[in-house]
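Below is one structure, written out as structure tokens; comments come after it.
Following this line, the structure appears as structure tokens:
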């Protein structure tokens, strides 16, 4: 069983480190930027969405805790942002630590998020999955997500 809870201030720096490391790799892989440029872009995106860290923000950073050997352990993170006007939320980041993958925590986390969202009238979850992330794509399809389009880019040499 998983529990989704709001991230605490003291947990935010560890999340930032994980996110910048992970997202910068994705930026470099998907857009061909150097790692240095990708790190700066990842930092800018994070600061744009969390200018005051976790305070007063329309973005929600959740910790995923799971019962392991009788105690709750942090197994991952889920960052989403609700859009009240169209009754949806967008998942910006969803991560389960590699040592906890394959135990159903991803599926349980999506289910727990759905339950939370339904209680406040949200009826749709949206997200983007990286082209090369086959494991995530499989999870999302397995829990009922449908592909609605493709993100594409082209480098223009000048």
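Residue numbers (the UniProt record's numbering): 1 to 158. Don't be surprised by glycine CBs; every beta carbon is placed ideally from N, CA and C. None of these values were measured; they are calculated from a predicted model.
A residue is called buried when at least 16 other Cβ atoms come within 10 angstroms of its Cβ; residue 7 meets this threshold and is buried.
Considering only 146, 18 and 32, the residue with the shortest C-alpha distance to residue 63 is 18. Shown here for residue 129: same chain residues with a beta carbon closer than 8 angstroms to its own, the five before and five after excluded, namely 136, 137 and 140 in chain order. Partner residues in the beta bridge of residue 81, as assigned by DSSP, are 59 and 90. Nearest to residue 5 by alpha-carbon distance, out of 46, 100 and 60, is 60.
Secondary structure in the UniProt domain "N-acetyltransferase" (2-158): the alpha helix (DSSP H) runs of 4 residues or longer, each lying completely within the stretch, are 12-31, 35-49, 105-119 and 134-142 in chain order. Residue 149 and residue 131 have their C-alpha atoms roughly 12 angstroms apart. Excluding five sequence positions before and after residue 15, the CB atoms of its chain that fall closer than 8 angstroms to its own CB belong to 7, 61 and 77, given in chain order. By the criterion of at least three beta-carbon pairs nearer than 8 angstroms, the stretch 80-91 is in contact with the stretch 115-127. Nearest in C-alpha terms to residue 102, of all of 13, 46, 52 and 75, is 75. Contact check for residue 79 against residue 92 passes: the beta carbons are separated by less than 7 angstroms. By the 16-neighbour rule on beta-carbons within 10 angstroms, residue 108 is buried. A straight line joining the alpha-carbon of residue 12 with that of residue 1 spans about 23 angstroms. Here residue 70 is exposed, its C-beta having fewer than 16 other C-beta atoms within 10 Å. Our two residues, residue 46 and residue 81, have alpha carbons roughly 13 angstroms apart in a direct line.
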